[in-house]
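Same order as they appear, the protein sequences are chains D and C.
So for the first sequence, numbering that gives the first Met the number 0 puts the first residue at 0; every next one is plus one.
So for the second sequence, numbering that gives the first Met the number 0 puts the first residue at 0; every next one is plus one.
For reference, the structure discussed in these notes is given below.
Number of protein chains: 2
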Amino acid sequence: MSGQSSKRIWIYDTTLRDGSQAEGISLSIEDKLRIARRLDELGIPFIEGGWPGANPKDVQFFWRLKDEPLQQAQVVAFCSTRRPGKKAADDPMLQEILSAGTEWVTIFGKSWDLHVTEGLQTSLEENLAMIGETIAYLKSCGRRVIYDAEHWFDGYRHNRDYAVQTLDAAIAAGAEWLVFCDTNGGTLPHEIARICREVMDRLGDRGGEDLKFGIHTHNDSETAVANAIAAVLEGVEMVQGTIDGYGERCGNANLCSAIPNLQLKLGYHCLDPQRLQKLTETSRFVSEIANLAPDSRAPFVGLSAFAHKGGIHVSAVQRNPLTYEHISPEAVGNHRRIVISEQAGMSNVLAKARNFGIDLHKNDPTCRQLLQKLKEMENEGYQFEAAEASFELLMREVMGDRPDLFELQGFKVHCDRGPGMTHAWATVKVTVEGQNILEAAEGNGPVSALDAALRKALVTFYPRVSDFHLTDYKVRIIDGSSGTSAKTRVLVESSNGVDRWSTVGVSTNIIDASYQAIVEGLEYGLLRQRPSEKVAVTA
Amino acid sequence: MSGQSSKRIWIYDTTLRDGSQAEGISLSIEDKLRIARRLDELGIPFIEGGWPGANPKDVQFFWRLKDEPLQQAQVVAFCSTRRPGKKAADDPMLQEILSAGTEWVTIFGKSWDLHVTEGLQTSLEENLAMIGETIAYLKSCGRRVIYDAEHWFDGYRHNRDYAVQTLDAAIAAGAEWLVFCDTNGGTLPHEIARICREVMDRLGDRGGEDLKFGIHTHNDSETAVANAIAAVLEGVEMVQGTIDGYGERCGNANLCSAIPNLQLKLGYHCLDPQRLQKLTETSRFVSEIANLAPDSRAPFVGLSAFAHKGGIHVSAVQRNPLTYEHISPEAVGNHRRIVISEQAGMSNVLAKARNFGIDLHKNDPTCRQLLQKLKEMENEGYQFEAAEASFELLMREVMGDRPDLFELQGFKVHCDRGPGMTHAWATVKVTVEGQNILEAAEGNGPVSALDAALRKALVTFYPRVSDFHLTDYKVRIIDGSSGTSAKTRVLVESSNGVDRWSTVGVSTNIIDASYQAIVEGLEYGLLRQRPSEKVAVTA
């Protein structure tokens with residue numbers, strides 16, 4: 000939009016280093032290699048792999064990559080400046096970073112005088128020497144150097160002249176990139192812009208043609224992405240961040256938002272457009288490997304990022320998507336979702352049917368019947384937003400296309416607690432092909448007992464149920480204010496090891512609600528395995 | 000920092016309206032009332048309560064508030080402009096908003112020509128009439144009007160002159176606030192700033208002294224907070240957003256980040272500083288009521304927002320917190336967490352004890368013991384944020400001040416479903432003053448049966464339990480990924496008709512978890528009625 004057409008912005012990913020500082024993330028070498036390959040496929044030009052001096056595991060990561068190199072990305076090793084009062088050549092940390100064998104290294108140094116005197120407990124002069132000598136030594140060993148100016152913005156605000164001297168030291172020693180780091184994440188976009196502008200003006204002539212600038216931001220003020228953009232608008236050419244914004248405390252600048260903002264809205268070139276379409280899948284892959292639930296609210300790549308509710312709204316978005324969507328979801332590999340909600344209008348239902356590959360027309364009486372049924376069920380407390388498998392079963396039922404796979408006769412559940420023991424047992428009765436089956440099972444709670452009993456009852460007729468298992472279980476009390484007499488809505492997610500689908504049950508009795516959801520989960524799983532059927536995958 | 004000292008920014012919360020559009024959030028009237036009271040305690044001046052015309056449930060919310068009004072906040076009813084081709088006085092939606100009986104109403108209208116012709120399918124002139132006549136009619140009925148200019152930024156970019164005409168119509172009809180809405184969330188901060196500046200310059204003289212401007216942003220570009228700040232820096236005086244940033248798609252501007260940025264960094268006045276210290280607790284309360292896991296990475300209020308790892312770093316942060324923290328965590332009611340250290344917990348426990356009026360000192364061995372117990376229970380899945388009655392019982396237990404009111408021997412619960420019937424029966428055995436009591440009851444679910452049986456068993460010895468009832472019941476699966484074998488945390492709120500208190504139970508068995516929470520609810524209720532005791536009210 001702003002016509003900065005085609006200017007290149009170099010994306011520098013630090014998911015494997017700064018990202019893995021996040022609480023709750025712990026990546027094995029194998030995990031790191033898999034993520035590095037995905038980032039390479041996405042077309043990220045710089046991938047920071049780790050800090051070999053601080054983390055011995057990281058050395059192996061670089062060695063493994065030497066055997067099976069990436070296609071095009073530069074893998075970068077990260078390290079601090081040498082220790083105070085030592086020669087660079089004698090610092091074991093720098094030997095480790097050299098042994099990583101990368102062409103590029105990133106060295107971070109102190110910009111803020113207070114961190115030099117209080118943190119490192121050395122002199123301001125020694126810090127300048129540490130920056131200069133470390134970079135000069137690595138250059139003499141054939142490395143290309145990116146210099147990360149730690150605590151840049153705070154340092155500049157407290158002692159501007161000293162902060163600039165640290166950059167001078169890095170330039171003189173031969174750093175090719177200077178990266179402004181908002182390490183504590185406290186700076187707001189207008190301050191980022193002002194400081195970047197002032198410093199780049201001041202250094203402009205000193206570094207020569209080849210000197211370039213970068214930005215590294217943290218999300219403590221919830222402005223990390225805006226801060227990166229503000230710096231780019233001032234002329235910075237490298238953006239450092241992480242996939243999904245993972246990182247220490249509140250995380251780093253989220254590349255999944257920074258990249259599409261820069262490329263799709265401001266016309267910068269970050270990634271090949273075809274590769275940008277892998278962004279959503281890369282985000283979900285990284286959260287999968289990091290073993291964190293993907294954030295459904297995440298901008299651009301989240302499950303809800305292009306979800307639409309409400310009747311008029313839905314027909315409008317279908318006529319002209321730009322009226323309700325800031326970008327085309329396909330540009331980042333995401334897609335539009337029509338959410339089935341209380342206000343479900345006819346157009347919602349039709350759009351949903353199309354998603355499932357079900358042929359349904361507006362004038363079809365079935366459509367009105369379905370809408371009626373849907374409203375009744377929503378009044379009873381059903382919600383199909385997150386239970387698309389149940390919605391498809393309902394749709395098939397109204398259309399007369401829901402085969403009777405089994406007939407339920409009932410269940411009994413028994414929970415017992417006495418001194419030092421708890422029990423949960425369940426018995427179910429099911430009729431399949433005219434035969435009555437009675438089975439019982441126990442579990443560590445009434446719901447797992449019920450699930451086990453149901454699968455035991457069905458497995459003889461449908462051996463595939465032995466592959467099914469529950470992958471998620473959620474409970475919502477619909478009107479909390481009536482206490483335990485309130486209705487309960489249970490959402491169950493099932494899997495056959497490959498796909499996942501979600502179902503819903505509602506009852507004043509939590510066991511009964513769970514039972515309904517589990518039964519529909521089994522039924523949907525069996526239906527979707529009939530080879531001739533076209534069924535939707537919800538995960 | 001920037002010296003805009005003490006200029007007032009009016010915070011407008013729309014958690015109850017726009018926030019509840021988020022996927023997965025469904026608030027009962029009782030939930031909405033509880034949230035409204037918390038926002039009022041926080042000192043939010045405008046609280047948008049709902050859209051009475053679109054959602055009949057919302058009308059009851061406003062009626063309930065008439066009976067028990069808030070202390071100081073203005074509750075605002077929300078509505079669109081009248082329908083095309085109708086008189087304002089004949090539009091039933093506007094009758095609904097009037098029946099809400101609020102002093103302030105917010106009317107949203109179309110700014111973007113495309114939405115008028117394609118969405119509303121009416122003429123550009125009629126849209127101007129709809130805006131003007133709706134506002135004029137509501138003014139004539141004694142209401143004060145905030146005008147939300149929907150799709151403002153997109154509309155302005157596409158047809159600047161028409162967009163400004165819509166504002167002119169609102170001004171002429173008597174709107175006191177004009178709010179620029181970035182409805183699709185696609186605009187970046189520098190564009191927000193530029194457009195706000197241009198429009199306010201252009202309208203400056205037209206509205207007179209009393210006309211004020213506001214900003215309403217969405218997070219689709221991950222810049223909602225930065226966008227709100229950019230508008231404020233241009234002179235806007237109202238910020239609309241939601242607690243925790245909940246809202247449709249990627250959410251609204253997160254007030255939990257916008258407020259501390261504006262107040263602590265830019266020197267604007269949003270809330271009383273003492274009330275700002277309730278921000279973290281309000282955030283967690285709202286996520287609890289919304290039944291969503293609080294985001295530990297959330298800026299300012301998240302559990303990880305001020306978490307520090309590593310030795311040197313930790314001693315540095317303790318010597319001089321400003322070197323590693325962008326604000327003081329206490330300013331927003333959060334606290335520094337030193338990961339793998341007891342320090343943080345200790346002060347928490349002491350603060351908690353002080354809250355309950357319990358005299359506990361740092362060097363008291365009880366304090367260390369309590370901390371140990373607390374950590375064990377948190378590892379098992381207990382959480383006391385929203386269950387302060389259970390926390391107080393735990394504290395009394397460690398201090399040897401938890402009297403044995405009754406002893407539980409066990410329970411049996413039986414659920415049955417057959418053709419056309421469901422049953423839920425519970426039997427409990429309790430010992431009181433040496434006597435064994437066995438009682439049974441039925442309910443419309445296993446938990447209400449259990450609750451009834453327990454009260455039946457205790458009522459002879461403690462007649463007051465007949466006044467007790469459950470007012471809320473919430474279930475959270477702690478580790479969703481292990482399906483129905485995961486642990487369940489149950490939160491129960493009890494009342495004696497005057498006060499309310501909350502308790503917690505954890506088990507892999509949902510019935511057992513409910514049982515623990517109900518039992519503690521009864522125990523706490525009996526304890527708090529001993530006249531000599533000072534006990535805390537949690538709701």
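Cβ atoms here follow ideal geometry from the backbone N, Cα and C, with glycine treated the same way.
It should be emphasised that the depicted structure is a prediction, and the values quoted were computed from it without experimental measurement.
Rounded separation between residue i and residue j - CA only
| i | j | result |
| --- | --- | --- |
| T459 of chain D | I509 of chain D | 28 Å |
| G332 of chain D | V285 of chain D | 15 Å |
| D400 of chain D | R248 of chain C | 33 Å |
| R36 of chain C | P68 of chain C | 9 Å |
| V316 of chain D | K56 of chain C | 27 Å |
| S330 of chain C | G301 of chain C | At residue 330 of chain C the sequence reads Ala, which differs from the Ser that was named. When rounded, the distance between both Cα atoms is 14 Å. |
| W424 of chain D | A448 of chain D | 6 Å |
| Q120 of chain D | L97 of chain D | 26 Å |
| G496 of chain D | E22 of chain D | 29 Å |
| M0 of chain D | A230 of chain C | Caution is warranted here: a pLDDT of 42 is assigned to M0 of chain D, below 50, making its placement in the model unreliable, and the coordinate value is therefore given only provisionally. Their Cα atoms are separated by approximately 20 Å. |
| G240 of chain C | L137 of chain D | 49 Å |
| P91 of chain C | R193 of chain C | 39 Å |
| V58 of chain D | C78 of chain D | 12 Å |
| D511 of chain C | V491 of chain C | 13 Å |
For residue i, the three-state DSSP class (helix, strand or coil)
| i | result |
| --- | --- |
| Q164 of chain C | helix |
| D57 of chain D | helix |
| Y323 of chain D | coil |
| Y461 of chain C | coil |
| C269 of chain C | coil |
| D181 of chain C | strand |
| Q408 of chain D | strand |
| D200 of chain C | helix |
| A425 of chain C | strand |
| L469 of chain D | strand |
| L210 of chain C | coil |
| N362 of chain C | coil |
| M376 of chain C | helix |
Beta-carbon neighbours of residue i, restricted to chain B and to distances below 8 Å
| i | result |
| --- | --- |
| Q20 of chain C | Given the protein chain composition of this structure (D and C), no chain B is represented. |
Nearest residue (CA-CA) to residue i, options the options
| i | options | result |
| --- | --- | --- |
| L393 of chain D | D:K411, D:K374, D:G409, D:F410 | D:K374 |
| A227 of chain C | C:F45, C:I258, C:S98, C:Y245 | C:I258 |
| S265 of chain D | D:F212, D:I326, D:T281 | Correcting the residue identity first, residue 265 of chain D is Leu in this sequence and not Ser. Nearest of D:F212, D:I326, D:T281 to L265 of chain D, Cα basis: D:I326. |
| V412 of chain C | D:R454, D:G444, D:E438 | D:G444 |
| S513 of chain C | C:T487, C:G524, C:D498, C:E522 | C:T487 |
| A162 of chain C | C:V198, C:G433, C:T322 | C:V198 |
| D363 of chain C | C:N378, C:S389, C:A386, C:M398 | C:M398 |
| G524 of chain D | D:L404, D:I476, D:V489, D:P418 | D:L404 |
| A87 of chain D | D:L369, D:G131, D:T507 | D:G131 |
| C282 of chain C | C:I10, C:R193, C:L41, C:D17 | One point to set straight first is that residue 282 of chain C is Ser, not Cys, in the sequence displayed. The option with the nearest alpha carbon to S282 of chain C is C:L41. |
| S465 of chain D | D:L453, D:R475, D:Y472 | D:L453 |
| M376 of chain C | C:D498, C:G504, C:R142 | C:G504 |
| D147 of chain D | D:L38, D:L437, D:D17, D:R63 | D:D17 |
| G380 of chain D | D:I517, D:I477, D:A350 | D:I477 |
| I43 of chain D | D:H189, D:H268, D:W176 | D:H268 |
| L15 of chain C | C:I106, C:A172, C:A289, C:R296 | C:A289 |
Cβ distance (whole Å) where residue i is taken to contact residue j below 8 Å
| i | j | result |
| --- | --- | --- |
| A451 of chain C | G442 of chain C | 6 Å |
| N183 of chain C | H157 of chain C | So it is not a contact: roughly 12 Å between Cβ atoms. |
| G185 of chain C | S220 of chain C | 6 Å |
heavy atom of the ligand SAM below 8 Å from residue i C-beta
| i | result |
| --- | --- |
| K277 of chain D | Among the components of this structure there are no ligands whatsoever, and the ligand SAM is therefore not found. |
_Contact set between the segment 218-242 of chain D and chain C, restricted to residues whose Cβ is under 9 Å from the partner_ = Cβ contacts with chain C come from N218, D219, S220, E221, T222, A223, V224, A225, N226, I228, A229, L232.
message = Please identify, using Cβ separations under 8 Å, the residues of the segment 107-127 of chain D that lie next to chain C, in order along the chain.
response = Answer set for the segment 107-127 of chain D: W111, L113, H114, E117, G118.
Task: Interface residues of the segment 459-476 of chain D facing chain C [CB-CB below 9 Å] - done: Of all residues in the segment 459-476 of chain D, H468, L469, T470, D471, Y472, K473, V474, R475, I476 have a Cβ within less than 9 Å of some Cβ in chain C.
Practice problem: Would you list, in chain order, the members of the segment 146-172 of chain C that have their beta-carbon closer than 7 Å to a beta-carbon of chain D? | Solution: Hits within the stretch: zero.
Chain-ordered residues of the segment 172-194 of chain C with a beta carbon less than 7 Å from chain D:
In summary, the residues of the segment 172-194 of chain C whose CB is separated from some CB of chain D by less than 7 Å are N183, G184, G185, L187, P188, H189, in the order they occur in the chain.
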